[in-house]
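Colleague:
Number of protein chains: 2
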Amino acid sequence: MFDQIAILAPGLLGASVARAARHYGAAKRITLCARRPETRLQLKGQPWCDHVADTPTEAVRDAQLVIICTPVDQIGPLTHQIAPHLSAGAIVTDVGSVKSEICRLGEKALAAPASLATFVGSHPMAGSQHTGWEHSRADLFVGRVVFVTPLSTTDVKATEKVAAFWTALAADVATVEPDAHDEIVAHISHLPQILASTLCASLAKKDVRWRNFGGGGLRDTTRIASSDPKLWKTILEQNRDEVLRAVRAYQEELHGMERALANRDWFEVQAILERGKAYRDPFRPIP
Amino acid sequence: MFDQIAILAPGLLGASVARAARHYGAAKRITLCARRPETRLQLKGQPWCDHVADTPTEAVRDAQLVIICTPVDQIGPLTHQIAPHLSAGAIVTDVGSVKSEICRLGEKALAAPASLATFVGSHPMAGSQHTGWEHSRADLFVGRVVFVTPLSTTDVKATEKVAAFWTALAADVATVEPDAHDEIVAHISHLPQILASTLCASLAKKDVRWRNFGGGGLRDTTRIASSDPKLWKTILEQNRDEVLRAVRAYQEELHGMERALANRDWFEVQAILERGKAYRDPFRPIP
Chain A
1 MFDQIAILAP GLLGASVARA ARHYGAAKRI TLCARRPETR LQLKGQPWCD
51 HVADTPTEAV RDAQLVIICT PVDQIGPLTH QIAPHLSAGA IVTDVGSVKS
101 EICRLGEKAL AAPASLATFV GSHPMAGSQH TGWEHSRADL FVGRVVFVTP
151 LSTTDVKATE KVAAFWTALA ADVATVEPDA HDEIVAHISH LPQILASTLC
201 ASLAKKDVRW RNFGGGGLRD TTRIASSDPK LWKTILEQNR DEVLRAVRAY
251 QEELHGMERA LANRDWFEVQ AILERGKAYR DPFRPIP
Chain B
1001 MFDQIAILAP GLLGASVARA ARHYGAAKRI TLCARRPETR LQLKGQPWCD
1051 HVADTPTEAV RDAQLVIICT PVDQIGPLTH QIAPHLSAGA IVTDVGSVKS
1101 EICRLGEKAL AAPASLATFV GSHPMAGSQH TGWEHSRADL FVGRVVFVTP
1151 LSTTDVKATE KVAAFWTALA ADVATVEPDA HDEIVAHISH LPQILASTLC
1201 ASLAKKDVRW RNFGGGGLRD TTRIASSDPK LWKTILEQNR DEVLRAVRAY
1251 QEELHGMERA LANRDWFEVQ AILERGKAYR DPFRPIP
């Protein structure tokens, strides 16, 4: 358990971390820091918030764990900004969807001779098409995978503390290097997002009233197309190379299906469907 | 309300029709006909089943409405088989996912001079990745779209009766011609199925343990990849031309995204994501 944690820019994920940390007793004191004054006022009334700081530098003072929950392009700069204000032995983590660039920037920001703090990246696979702290839940991480992504140079003790924190929130921790993480999520998260969004963008060119005819299949397949485009643009930007590789591998597969349909090769059509089913059937249930 | 309905080959959809017809009082007497003796035994004990027939020809005797729930490639032949045994004024419908070929075969099968029965196609947008009558539910059609697909030559009264039947089961009926139906479902149902299946088939070529890391996005986007491959092969076979058109239009869209990523055209990447979100956000909630 940490005596004090600071959560910077609490939206859906950050506020859920606060709720869960309170619920599971993973932190004695929880400080939140939000940019907008009206959000700060609202957070002040919450039982999972002990203190609301006006600035990040104020928020991180005395915190043993700092969790940065901004969009991915602001995590590096913010780590740089708070670096001189961190306590000795403090750990900084984040909840960004891409890890290579962030972890390198984070380590660099805390590498100054005076700094005794450590950066260890995290990525909870527990987003939603919704954003904002109003949608937060204490059980958001229960049974969900949280990636913890140390560089080969990262302090092992700090990595273990971050992993233990997520485990305390009932998450399943997977520890992988940032590069491996980015390859994995390009396939299992960023590619599905692109498919859902481009499917909707493609259907938008036809009669849009057709969407009212859709069943559960269309509904589920496209749910995440409602996600925040600006947020996702930034994620795709940071993981461009891996995402491109995943998209191109997928295009090959789809082209194979198109060719089989064009050739009336029904044996091959069924074989592709069978391979998809064999992959999907063993998915572990989510609580 | 119908005095007697017959449901041939009740799986998830057919048994749900029986349950719903009983629940909403849409039929006084419900006859089911299953091919396998053990299924017939199980059905006999159900409160939403008044009689279990051994053969389709026995089942349809005295029925005013016959609902064929076989895979799509068997609907035409089965209509042909039962045609001589239908009562005068009987209506035959089905629950197949493709309509052009089925409706033409159905009309032809009932066009013999002696036949006084009418074929009117139906397609409830209420499937699931599950099959089998054990998964059936009385509320499966509540708030779901059911297509009713008369040909221009189909008797208007018969069409109205089929529409009224589905409305009685709390479904939202959409009446469209078979060709228009097939174009619509190629886009909003068959294309999403292909995307889910090919996404899984593509991911199956990478480290399959990655699937354990997946969040709700991967889960929802791929759910229907667990559907029955043989059933879907037959659906894609019957709707090949429209499906190919939909797949190719989608490939264009995905190629646009790939190009934008390759060119680092982040303005265009975000624009595609915005178009997808604008299409998805107004989806009507399903009960």
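Protein chains in written order, with my numbering: chain A, 1 to 287; chain B, 1001 to 1287. Backbone N, C-alpha and C define an ideal beta-carbon position, used for all residues, glycine too. Only a predicted model underlies this, so the values are computations on that prediction, with no experimental measurement involved.
With a cut-off of 9 Å, does the C-beta of Leu-1110/B fall near any C-beta of chain A?
Modeller: Taking the first residue of the second sequence as 1, we reach residue 1110/B at position 110. Cβ-Cβ to chain A under 9 Å: no for Leu-1110/B.
Colleague: Kindly say whether Ile-188/A, judged by its beta-carbon, lies nearer than 9 Å to any beta-carbon of chain B.
Modeller: Position 188 of the first sequence, counted from the start, is the residue given in the question as residue 188/A. For Ile-188/A, the answer is yes, since a Cβ of chain B falls inside 9 Å of its Cβ.
Colleague: Measuring alpha carbon to alpha carbon, tell me which residue in Val-1017/B, Ala-1249/B, Leu-1032/B, Trp-1210/B is nearest Met-125/A.
Modeller: Looking up residue 125/A in the first sequence gives position 125. Residue Trp-1210/B is the option with its Cα nearest to Met-125/A.
Colleague: In angstroms with no decimal places, state the Cα-to-Cα distance between Thr-39/A and Pro-1192/B.
Modeller: Numbered from 1 along the first sequence, position 39 holds the residue referred to as residue 39/A. Numbered from 1 along the second sequence, position 192 holds the residue referred to as residue 1192/B. Distance between the alpha carbons of Thr-39/A and Pro-1192/B: 39 Å.
Colleague: Report the partner residues of Phe-1002/B according to the DSSP bridge assignment.
Modeller: As a first step, residue 1002/B must be located in the second sequence, where it is residue number 2. Beta-bridge pairing links Phe-1002/B to Ala-1027/B.
Colleague: Find the residues of chain B that neighbour Met-125/A, judging by a C-beta separation of less than 9 Å, and give them in chain order.
Modeller: Taking the first sequence and counting its residues from 1, one reaches residue 125/A at position 125. Within chain B, the residues near Met-125/A are Phe-1213, Gly-1214, Gly-1215, Gly-1216, Gly-1217, Leu-1218.
Colleague: Is it right to say Asp-1182/B is buried, meaning 16 or more other beta carbons lie within 10 angstroms of its own, or is it exposed?
Modeller: Residue 1182/B sits at position 182 when you count from the first residue of the second sequence. That one is buried.
Colleague: So, is the C-beta of Gly-1276/B closer than 9 Å to a C-beta in chain A?
Modeller: Along the second sequence, one-based indexing puts residue 1276/B at 276. Yes - at least one Cβ of chain A is within 9 Å of the one on Gly-1276/B.
Colleague: For a quick check, are the C-beta atoms of Lys-1205/B and Gln-270/A less than 9 Å apart?
Modeller: Numbered from 1 along the second sequence, position 205 holds the residue referred to as residue 1205/B. Numbered from 1 along the first sequence, position 270 holds the residue referred to as residue 270/A. No. Outside cutoff.
Colleague: When the Cα of Leu-1012/B is compared with those of His-1080/B, Glu-1134/B, Tyr-1279/B, Cys-1200/B, which residue comes out closest?
Modeller: Reading the second sequence from its first residue, position 12 is the one you call residue 1012/B. Measuring from the Cα of Leu-1012/B, the nearest candidate turns out to be Glu-1134/B.
Colleague: What does Trp-48/A reach in chain B if we use C-beta pairs closer than 9 Å?
Modeller: Translated into the one-based positions of the first sequence, residue 48/A becomes position 48. Residues of chain B passing the Cβ test: none, with the nearest at roughly 23 Å.
Colleague: Identify whether Val-98/A lies in helix, strand or coil by the three-state DSSP scheme.
Modeller: Start at 1 with the first residue of the first sequence, and residue 98/A comes out as number 98. Here Val-98/A sits in coil by DSSP.
Colleague: Roughly how many angstroms lie between the CA atoms of His-85/A and Gly-143/A, to the nearest whole one?
Modeller: Walking along the first sequence from the start, residue 85/A turns up at place 85. Walking along the first sequence from the start, residue 143/A turns up at place 143. When rounded, the distance between both Cα atoms is 34 Å.
Colleague: Measure the CB-CB distance between Ser-1122/B and Thr-1153/B and report whether it falls below 9 Å.
Modeller: Counting from 1 along the second sequence, the entry for residue 1122/B is found at position 122. Counting from 1 along the second sequence, the entry for residue 1153/B is found at position 153. Result no, Cβ atoms of Ser-1122/B and Thr-1153/B do not sit closer than 9 Å.
Colleague: Could you give the DSSP three-state label for Ala-249/A: helix, strand or coil?
Modeller: In the first sequence, residue 249/A corresponds to position 249, counting from 1. Helix, per DSSP.
Colleague: Kindly indicate which residue of Lys-1277/B, Gly-1025/B, Leu-1151/B has the alpha-carbon position closest to the one of Cys-1138/B.
Modeller: By 1-based counting over the second sequence, the position of residue 1138/B is 138. A quick correction: the sequence has Ala, not Cys, at residue 1138/B. Cα-wise, what sits closest to Ala-1138/B is Gly-1025/B.
Colleague: Strictly by DSSP, which residues pair up with Cys-33/A?
Modeller: If you number the first sequence from 1, residue 33/A lands on position 33. In DSSP, Cys-33/A forms a bridge with Leu-8/A, Ala-53/A.
Colleague: Just verifying my parser: in three-state terms, what is the DSSP assignment at Ala-153/A?
Modeller: Locating residue 153/A in the first sequence gives position 153, counting from the first residue. According to the sequence displayed, residue 153/A carries Thr and not Ala. Thr-153/A: coil per DSSP, three-state reduction.
Colleague: Checking 9 Å against the spacing of the C-beta atoms, do Cys-69/A and Pro-10/A come in under that value?
Modeller: The count along the first sequence starts at 1 and reaches residue 69/A at position 69. The count along the first sequence starts at 1 and reaches residue 10/A at position 10. Result yes, Cβ atoms of Cys-69/A and Pro-10/A sit closer than 9 Å.
Colleague: Counting only the same chain and skipping the five closest in sequence on each side, list residues whose C-beta sits under 6 Å from that of Ile-272/A.
Modeller: Taking the first residue of the first sequence as 1, we reach residue 272/A at position 272. If we look at Ile-272/A and ignore the five residues flanking it on each side, its Cβ neighbours are Met-257.
Colleague: As a quick exercise: from Lys-230/A, Thr-198/A, Glu-160/A, pick the residue whose alpha carbon is nearest that of Ala-1246/B.
Modeller: Mapped onto the second sequence, residue 1246/B falls at position 246. Closest option to Ala-1246/B, Cα to Cα, is Thr-198/A.
Colleague: Give the residues of chain A in contact with Asp-1281/B, contact being defined as C-beta atoms less than 8 Å apart.
Modeller: Numbered from 1 along the second sequence, position 281 holds the residue referred to as residue 1281/B. Those are Ser-226, listed as they occur along chain A.
Colleague: When the Cβ atoms of the region 1081 to 1101 of chain B are set against those of the region 1060 to 1069 of chain B, are three or more pairs found closer than 8 Å?
Modeller: Judged by Cβ distances under 8 Å, the region 1081 to 1101 of chain B makes contact with the region 1060 to 1069 of chain B, as three or more pairs qualify.
Colleague: Among Ala-1201/B, Trp-1266/B, Asp-1054/B, which residue has its Cα nearest to the Cα of Gln-251/A?
Modeller: In the first sequence, the residue the question calls residue 251/A occupies position 251. That would be Ala-1201/B, whose Cα lies nearest to the Cα of Gln-251/A.
Colleague: Taking 9 Å as the threshold (beta carbon to beta carbon), is Lys-99/A in contact with chain B?
Modeller: The count along the first sequence starts at 1 and reaches residue 99/A at position 99. Not one chain B Cβ lies under 9 Å of Lys-99/A.
Colleague: Rounded to whole angstroms, what's the CA-CA distance from Leu-1078/B to Ala-174/A? Just pull it up for me.
Modeller: As a first step, residue 1078/B is located in the second sequence; it is residue number 78 there, counting from the start. As a first step, residue 174/A is located in the first sequence; it is residue number 174 there, counting from the start. Cα to Cα, Leu-1078/B sits roughly 53 Å from Ala-174/A.
Colleague: Return yes when the Cβ of Phe-2/A is within less than 9 Å of the Cβ of Phe-267/A, no when it is not.
Modeller: Walking along the first sequence from the start, residue 267/A turns up at place 267. Walking along the first sequence from the start, residue 2/A turns up at place 2. For Phe-267/A and Phe-2/A, no; Cβs fall outside 9 Å.
Colleague: Suppose only complete runs of 3+ residues qualify. What are the beta strand (DSSP E) ranges in the region 1195 to 1221 of chain B, listed by chain order?
Modeller: Those beta strand (DSSP E) runs which fall completely within the region 1195 to 1221 of chain B and span 3+ residues do not exist here.
Colleague: Look at the Cβ atom of Asp-1050/B, then the Cβ atom of Ile-1030/B, and state whether they are nearer than 9 Å.
Modeller: Working through the second sequence from its first residue, we reach residue 1050/B at position 50. Working through the second sequence from its first residue, we reach residue 1030/B at position 30. Against a cut-off of 9 Å, the Cβ pair of Ile-1030/B and Asp-1050/B comes out as a contact.
Colleague: Is any beta-carbon of chain B found at less than 9 Å from that of Gln-74/A?
Modeller: Numbered from 1 along the first sequence, position 74 holds the residue referred to as residue 74/A. No, because no Cβ of chain B sits closer than 9 Å to the Cβ of Gln-74/A.
Colleague: Please name the residue or residues paired with His-1123/B in a DSSP beta bridge.
Modeller: As a first step, residue 1123/B is located in the second sequence; it is residue number 123 there, counting from the start. Answer is Phe-1147/B, bridged to His-1123/B.
Colleague: Thinking just about the alpha-carbon of each residue, which of Ala-21/A, Glu-101/A, Gly-14/A is nearest to the one in Arg-240/A?
Modeller: One-based indexing of the first sequence puts residue 240/A at position 240. For Arg-240/A, the nearest C-alpha among the options comes from Glu-101/A.
Colleague: Hey, quick one: how far does the alpha helix (DSSP H) through Val-269/A stretch, first residue to last?
Modeller: Along the first sequence, one-based indexing puts residue 269/A at 269. Run containing Val-269/A: 266 to 280, per the alpha helix (DSSP H) assignment.
Colleague: Anything in chain A within Cβ reach of Leu-1273/B, meaning under 7 Å, just list it in chain order.
Modeller: For the purposes of this step, residue 1273/B is taken as the residue at position 273 of the second sequence. Ordered by position in chain A, the residues that pass the 7 Å Cβ test against Leu-1273/B are Ser-197, Pro-229, Trp-232, Lys-233.
Colleague: Anything in chain A within Cβ reach of Cys-1200/B, meaning under 9 Å, just list it in chain order.
Modeller: Taking the first residue of the second sequence as position 1, residue 1200/B is located at position 200. Under the 9 Å cutoff, chain A gives Arg-275, Gly-276, Lys-277, Ala-278, Tyr-279, Arg-280.
Colleague: For Pro-1047/B, collect the residues of the same chain with a Cβ closer than 8 Å to its Cβ; drop the 5 residues on either side in sequence, then sort them by chain order.
Modeller: Within the second sequence, the letter at position 47 stands for residue 1047/B. These residues qualify, in order along the chain: Arg-1022.
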